[in-house]
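Trainee: These protein sequence lines are chains A and B, in that order. So in the numbering used here, the last one in the first sequence is 414, and the numbering has no gaps at all. So in the numbering used here, the last one in the second sequence is 1414, and the numbering has no gaps at all. Structure below; questions to follow.
Protein chains: 2
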Amino acid sequence: MTETDWGALAQHWLDRLAACSEPGHGVTRLPFTPEHRAALAVLTELMEQAGLAVHLDAAGTLIGRLEGPEDRPALLMGSHQDSVREGGAYDGIMGVVLPVLALMKLRQKGLTLPFPVEVLAFADEEGVRFPTALMGPRALAGTFDMAALGLRDHNGIPLRRAMEDFGLNPDALPGLRRDASQVLGWVEIHLEQGPVLEMAAQDIGIVTSICGIERHMINLTGKAAHAGTMPMHLRRDALAGAAELTLAAETLARETDGLLATVGTLQVRPGAVNAVPGEATLTLEIRAPDDALREQAGVTLTQAAHEIASRRGLGLVTARTYVQPATPCSPQIIECLSKSVAAGNREEPQQLASGATHDSSAMAALCPVGMLFTACREGVSHHPDEHVPAAVMSSGIKALERYLMQLQTSASHL
Amino acid sequence: MTETDWGALAQHWLDRLAACSEPGHGVTRLPFTPEHRAALAVLTELMEQAGLAVHLDAAGTLIGRLEGPEDRPALLMGSHQDSVREGGAYDGIMGVVLPVLALMKLRQKGLTLPFPVEVLAFADEEGVRFPTALMGPRALAGTFDMAALGLRDHNGIPLRRAMEDFGLNPDALPGLRRDASQVLGWVEIHLEQGPVLEMAAQDIGIVTSICGIERHMINLTGKAAHAGTMPMHLRRDALAGAAELTLAAETLARETDGLLATVGTLQVRPGAVNAVPGEATLTLEIRAPDDALREQAGVTLTQAAHEIASRRGLGLVTARTYVQPATPCSPQIIECLSKSVAAGNREEPQQLASGATHDSSAMAALCPVGMLFTACREGVSHHPDEHVPAAVMSSGIKALERYLMQLQTSASHL
Chain A
1 MTETDWGALA QHWLDRLAAC SEPGHGVTRL PFTPEHRAAL AVLTELMEQA
51 GLAVHLDAAG TLIGRLEGPE DRPALLMGSH QDSVREGGAY DGIMGVVLPV
101 LALMKLRQKG LTLPFPVEVL AFADEEGVRF PTALMGPRAL AGTFDMAALG
151 LRDHNGIPLR RAMEDFGLNP DALPGLRRDA SQVLGWVEIH LEQGPVLEMA
201 AQDIGIVTSI CGIERHMINL TGKAAHAGTM PMHLRRDALA GAAELTLAAE
251 TLARETDGLL ATVGTLQVRP GAVNAVPGEA TLTLEIRAPD DALREQAGVT
301 LTQAAHEIAS RRGLGLVTAR TYVQPATPCS PQIIECLSKS VAAGNREEPQ
351 QLASGATHDS SAMAALCPVG MLFTACREGV SHHPDEHVPA AVMSSGIKAL
401 ERYLMQLQTS ASHL
Chain B
1001 MTETDWGALA QHWLDRLAAC SEPGHGVTRL PFTPEHRAAL AVLTELMEQA
1051 GLAVHLDAAG TLIGRLEGPE DRPALLMGSH QDSVREGGAY DGIMGVVLPV
1101 LALMKLRQKG LTLPFPVEVL AFADEEGVRF PTALMGPRAL AGTFDMAALG
1151 LRDHNGIPLR RAMEDFGLNP DALPGLRRDA SQVLGWVEIH LEQGPVLEMA
1201 AQDIGIVTSI CGIERHMINL TGKAAHAGTM PMHLRRDALA GAAELTLAAE
1251 TLARETDGLL ATVGTLQVRP GAVNAVPGEA TLTLEIRAPD DALREQAGVT
1301 LTQAAHEIAS RRGLGLVTAR TYVQPATPCS PQIIECLSKS VAAGNREEPQ
1351 QLASGATHDS SAMAALCPVG MLFTACREGV SHHPDEHVPA AVMSSGIKAL
1401 ERYLMQLQTS ASHL
């Protein structure tokens, strides 16, 4: 096959997998459902064509293993099989198909690797069906909380029951924990879900870190008043204060490399055309590849909220409601992936942080992790229009193939 | 009676009138209801004590007339009897009680006026029961639209039927129109509904104009995006644009004497903690005592919206949804009222615009109008806590008394 054919082959398998979906727009494939079962059958067929030994673990993770020397630790690759509701045909599942095809390519060239490789298709990364996610990688890392088995889906079915109905034994989950010494590392390829690579006209980018996230609830209280009888200089307008804070967050993030800050919700009370707003409540989300940078931004914007409230005579309540630390990618994997991508490029591959969470976030508790991003059309994801061109997938397969070959010569340059 | 006693007497009558209310917090007295009927009985008793001839016109306006020379045009004074739901004991009704007491005071001093005076208690200024208001003054000015008789209240009762059940003949409304040559002018005293006079430690202020109002609906559309994967410099954040416009409106109004600008409502879509807002819809209300000033502000802020939208790559739809011109008070009445108030003050009385609409707005279609504002506690109105101290009402009665005496010597200085 030509290089182009490998991209087309990836698209062929992804089309078959996209058909494993609830009816409706786009792809809806939730964990431990008939659609999940159908996808496992397609993935098994693909993995077996690539010469992998396939089995399903107790977390519903489909594992295709290419055996190597018995005493060598394995390289783990993969991503998740599930989609959001009415999502696309690439998010997650492409990260299972591309490494399998890279292994198939090496096999066709008659190359063998001096270490085992496993490609994993985790059951649930999106967390759409149950109010939990990442069970597969957490089980491997030994960080899965068994209490989550009691969480229920929209129909009241507990996770434990859904797994049992799927033929799995949840009580075996603790036994999935891997010995870190038996794992070389984890490499995931995923679509970017943003416009950076497409705008830079690059097929493949190197992820430096998965951003940490913190969320704040900010409530400003002024004094509701008649918009006709309350003079401007005596107003305590909660919305005007919220507007200042919204722009302060935007300005700080624009001026700070790597920082993202978003005011995504804002409610105003009393909310009448002729009433000065007496109360405004907003959410502020901050993401950064570096925890210190994020923490500092949180402090800076909380201070800004206090300054604004004080100057405007507003009451202020702030609460940091959520914190998730950043996951830095392994410098060794970054370097090795960079060389693998650069070999096919006229220019240096773009390095970028991942603003979204991935299976890699949980795998980092087990081993060094690395990620490649593929460009995606117009940055769209979690939508039926989600698309990764075949040529981009071809570049992805080639980069993974080169990465495996580099490791072949020196597994220390993981 | 001492001057203080007159304020206490006003409070006495206002207490009796406050009892003419639906059960519950504060005062709820809607037009053409048993509570309205009870208030008319109290007002009739008060007016008759002051020597006025009382009758109810076809619009439900209670009119107490002090006869003067038959061929002289009459001075009209008064305000409205109705309240909002769970409102206060002063809004409107105080403007009926105080001029009656001023006439009572003149009568007790044995003074007569060389012109007739009528004190009017209009049925409905607040527009709470029916989606219309100001029927009483509009009938006098000949601007009442008979089609409004078909409008229904919350229980489906048409205005016409409510009036008929109250014993009124709506078909006689056109006949209420006054001949402008038979009216000297209209003078209304009303609580400020704002904090200006109280903060200036003045009992009584002179209204220069009733502000015109315009309202705009402004819709900004950007692109909803994942707050983690969309870089800051590529965002088209509709809320950030709305925040800029909110602050632009506030800044313009703060820097422009007499101008009020309020963003009272703001909705954000999709409205998720981790989503860059793709759409923001806000209302902008502008008030000014001068129509040219208000129109200019509307143009300036619409231009600002276009500039913000253009710079941020946002779609913009703006619509001016409501316009109500300003009602300037008569310079002659302003001058004469100013002298009347100044005579009791150590300093010049404060002149201020009324941001709220009043019966005077509709009376201006018939004759020159003027208004006095009384201070009110903490600027509160439309609330059970609404309060005008007896001493302030005493100052109001005195100002009205002096005004009538000035007119006595020269009706040309109306």
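Quick reminder that beta carbons are idealized off the backbone N, C-alpha and C, glycines included. These numbers come from a predicted model, not from an experiment.
Please list, in chain order, all residues of the same chain as B/Glu1378 whose beta carbon is under 6 Å from its beta carbon, the five residues on each side excluded.
Mentor: Position 378 of the second sequence, counted from the first residue, corresponds to residue 1378 of chain B. Cβ within range, chain order: n/a, list empty.
Trainee: Based on Cα-Cα distance, which residue from B/Cys1336, B/Asp1385, B/Asp1145 and B/Ser1209 lies nearest to B/Leu1400?
Mentor: Residue 1400 of chain B sits at position 400 when you count from the first residue of the second sequence. Among B/Cys1336, B/Asp1385, B/Asp1145 and B/Ser1209, the Cα nearest to that of B/Leu1400 is on B/Cys1336.
Trainee: Would A/Ala326 and A/Asp291 be called neighbours here (beta carbons separated by less than 8 Å)?
Mentor: If you number the first sequence from 1, residue 326 of chain A lands on position 326. If you number the first sequence from 1, residue 291 of chain A lands on position 291. Yes, the pair counts as a contact, with Cβ atoms nearer than the cut-off.
Trainee: Within a Cβ cutoff of 6 Å, which residues of the same chain sit near B/His1413, ignoring the five residues on either side of it in sequence?
Mentor: The count along the second sequence starts at 1 and reaches residue 1413 of chain B at position 413. Below a pLDDT of 50, predicted positions are generally treated as unreliable, and B/His1413, at 44, falls in that range; the measurement from the model is reported next regardless. Closer than 6 Å at the Cβ level, and outside the excluded window around B/His1413, lie Cys1336.
Trainee: Can you list, in chain order, the residues of the segment 1241 to 1257 of chain B whose Cβ is nearer than 8 Å to any Cβ on chain A?
Mentor: Ala1242, Ala1243, Glu1244, Thr1246, Leu1247, Glu1250, Ala1253 and Arg1254
Trainee: From B/Ala1249 to A/Gly315, what does the alpha carbon distance come to, in whole angstroms?
Mentor: Here residue 1249 of chain B refers to the residue found at position 249 of the second sequence. Here residue 315 of chain A refers to the residue found at position 315 of the first sequence. For B/Ala1249 and A/Gly315, the distance between alpha carbons rounds to 22 Å.
Trainee: Does any CB atom of chain A fall closer than 8 Å to the CB of B/Val1027?
Mentor: Within the second sequence, the letter at position 27 stands for residue 1027 of chain B. No - not a single Cβ of chain A is within 8 Å of the one on B/Val1027.
Trainee: Mind checking if A/Gly228 is an interface residue toward chain B, Cβ cutoff 8 Å exclusive?
Mentor: Indexing the first sequence from 1 puts residue 228 of chain A at position 228. A/Gly228 counts as touching chain B.
Trainee: Less than 8 Å between the C-beta atoms of B/Gly1355 and B/Val1187, yes or no?
Mentor: The residue labelled residue 1355 of chain B in the question sits at position 355 within the second sequence. The residue labelled residue 1187 of chain B in the question sits at position 187 within the second sequence. Cβ atoms of B/Gly1355 and B/Val1187: not closer than 8 Å.
Trainee: At 3 residues or longer, and completely inside the segment 1257 to 1300 of chain B: list those beta strand (DSSP E) runs for me, N to C.
Mentor: You should have 1260 to 1269 and 1279 to 1288.
Trainee: By the criterion of Cβ-Cβ separation under 8 Å, what are the contact partners of B/His1233 in chain A?
Mentor: Here the question's residue 1233 of chain B lines up with position 233 in the second sequence. Simply Arg254.
Trainee: Just the Cα atoms here: how many angstroms apart are B/Gly1313 and A/Ala391?
Mentor: Residue 1313 of chain B sits at position 313 when you count from the first residue of the second sequence. Residue 391 of chain A sits at position 391 when you count from the first residue of the first sequence. The alpha-carbon atoms of B/Gly1313 and A/Ala391 are separated by roughly 31 Å.
Trainee: Give me whichever residues DSSP pairs with B/Trp1186 in a beta bridge.
Mentor: Along the second sequence, one-based indexing puts residue 1186 of chain B at 186. Paired residues: B/Leu1076 and B/Val1369.
Trainee: Between A/Asp15 and A/Ala89, what straight-line distance do the alpha-carbon atoms span, to the nearest angstrom?
Mentor: For the purposes of this step, residue 15 of chain A is taken as residue 15 along the first sequence, with counting starting at 1. For the purposes of this step, residue 89 of chain A is taken as residue 89 along the first sequence, with counting starting at 1. About 7 Å.
Trainee: For A/Gly194, go through chain D and note every residue whose CB falls closer than 9 Å to its CB, in chain order.
Mentor: Chain labels in this structure do not include chain D; the protein chains are A and B.
Trainee: For my contact list, B/Val1183 and B/Leu1076 are in at a C-beta cut-off of 8 Å; report their separation, rounded to the angstrom.
Mentor: For the purposes of this step, residue 1183 of chain B is taken as residue 183 along the second sequence, with counting starting at 1. For the purposes of this step, residue 1076 of chain B is taken as residue 76 along the second sequence, with counting starting at 1. The Cβ separation is near 6 Å, so the contact holds.
Trainee: Specify the secondary structure class of B/Tyr1322 as computed by DSSP and reduced to three states.
Mentor: The residue labelled residue 1322 of chain B in the question sits at position 322 within the second sequence. Strand.
Trainee: Does the beta-carbon of A/Asp57 have 16 or more other beta-carbons within 10 angstroms, so that it is buried, or is it exposed?
Mentor: Here the question's residue 57 of chain A lines up with position 57 in the first sequence. When all chains shown are included, A/Asp57 counts as buried.
Trainee: Can you tell me whether DSSP reads B/Arg1065 as helix, strand or coil?
Mentor: Translated into the one-based positions of the second sequence, residue 1065 of chain B becomes position 65. Three-state result, B/Arg1065: strand.
Trainee: Ignoring anything shorter than 4 residues or poking outside the segment 144 to 213 of chain A, list the alpha helix (DSSP H) runs there in chain order.
Mentor: 159 to 165 and 196 to 199
Trainee: Below 8 Å on the Cβ atoms is my guess for A/Ala18 versus A/Asp82; work out the distance and round it to an integer in Å.
Mentor: The sequence position of residue 18 of chain A within the first sequence is 18, counting from 1. The sequence position of residue 82 of chain A within the first sequence is 82, counting from 1. Not quite, the Cβ-Cβ distance comes to about 13 Å (not below 8 Å), so this is no contact.
Trainee: Less than 8 Å between the CB atoms is what I'm expecting for A/Met94 and A/Val388, so what's the real figure, rounded?
Mentor: Looking up residue 94 of chain A in the first sequence gives position 94. Looking up residue 388 of chain A in the first sequence gives position 388. At roughly 6 Å, the Cβ-Cβ gap stays under 8 Å, so A/Met94 and A/Val388 are in contact.
Trainee: Compare the beta carbon distance of B/His1190 and B/Ser1361 with 8 Å and say whether it is the shorter of the two.
Mentor: Start at 1 with the first residue of the second sequence, and residue 1190 of chain B comes out as number 190. Start at 1 with the first residue of the second sequence, and residue 1361 of chain B comes out as number 361. No.
Trainee: Which of the three DSSP states is assigned to B/Met1217 in this structure?
Mentor: Position 217 of the second sequence, counted from the start, is the residue given in the question as residue 1217 of chain B. Correct three-state label for B/Met1217: strand.
Trainee: Determine which residues of the segment 270 to 288 of chain A have a Cβ less than 7 Å from any Cβ of chain B, and write them out in chain order.
Mentor: Along the segment 270 to 288 of chain A, going in chain order, the ones with a CB nearer than 7 Å to a CB of chain B are Gly271, Ala272, Val273, Asn274, Ala275, Val276, Pro277, Thr283, Glu285 and Arg287.
Trainee: If we count the other Cβ atoms within 10 Å of its Cβ and call it buried at 16 or more, is A/Ala240 buried or exposed?
Mentor: Within the first sequence, numbered from 1, the residue matching residue 240 of chain A stands at position 240. By the neighbour-count definition (other C-beta atoms within 10 Å, threshold 16), A/Ala240 is a buried residue.
Trainee: Applying a beta-carbon distance threshold of less than 8 Å, which residues of chain A neighbour B/Arg1037?
Mentor: The residue you call residue 1037 of chain B lines up with position 37 of the second sequence. Near B/Arg1037 there are no residues of chain A at all, since even the closest Cβ is about 29 Å away, more than 8 Å.
Trainee: Spatial neighbours of B/Thr1416 within its chain, please: C-beta separation below 8 Å, excluding the five flanking residues on both sides.
Mentor: Residue 1416 of chain B lies beyond the residue range present for chain B, which begins at 1001 and ends at 1414; the question has no answer from this structure.
Trainee: Under a Cβ-count criterion, where at least 16 other Cβ atoms within 10 Å of its own Cβ denotes burial, should A/Tyr403 be classed as buried or exposed?
Mentor: Counted from its first residue, the first sequence places residue 403 of chain A at position 403. Buried: at least 16 other Cβ atoms inside 10 Å.
Trainee: A/Ala356 versus chain B: which residues are under 8 Å apart at the beta carbon?
Mentor: Against the first sequence, residue 356 of chain A aligns to sequence position 356. Near A/Ala356 (Cβ distances below 8 Å), the residues of chain B are His1226, Gly1228 and Thr1229.
Trainee: On a Cα-Cα basis, can you pick out the residue from A/Ala297, A/Gly271, A/Ala201 and A/Ile218 that is closest to A/Glu255?
Mentor: By 1-based counting over the first sequence, the position of residue 255 of chain A is 255. For the residues A/Ala297, A/Gly271, A/Ala201 and A/Ile218, the minimum Cα distance to A/Glu255 belongs to A/Ala297.
Trainee: Could you tell me which chain A residues have their CB closer than 7 Å to the CB of B/Leu1266, listed as they occur along the chain?
Mentor: Counting from one through the second sequence, the residue named residue 1266 of chain B turns up at place 266. The answer, in chain order, is Leu239, Leu266 and Val268.
Trainee: Please go through the same chain and pick out, in chain order, the residues whose beta-carbon is closer than 6 Å to the beta-carbon of B/Ala1172, but skip the five residues on each side of it.
Mentor: Position 172 of the second sequence holds residue 1172 of chain B. Around B/Ala1172: Ala1058.
Trainee: Any C-beta of chain B sitting closer than 8 Å to the C-beta of A/Val54?
Mentor: Mapped onto the first sequence, residue 54 of chain A falls at position 54. With 8 Å as the cut-off, A/Val54 does not count as an interface residue toward chain B.
Trainee: List the residues of chain A whose Cβ lies closer than 9 Å to the Cβ of B/Arg1215, in chain order.
Mentor: Locating residue 1215 of chain B in the second sequence gives position 215, counting from the first residue. In chain order: Val273 and Asn274.
Trainee: Just to confirm, are A/Ile286 and A/Ala261 a CB contact at a threshold of 8 Å?
Mentor: For the purposes of this step, residue 286 of chain A is taken as the residue at position 286 of the first sequence. For the purposes of this step, residue 261 of chain A is taken as the residue at position 261 of the first sequence. Closer than 8 Å, so yes.
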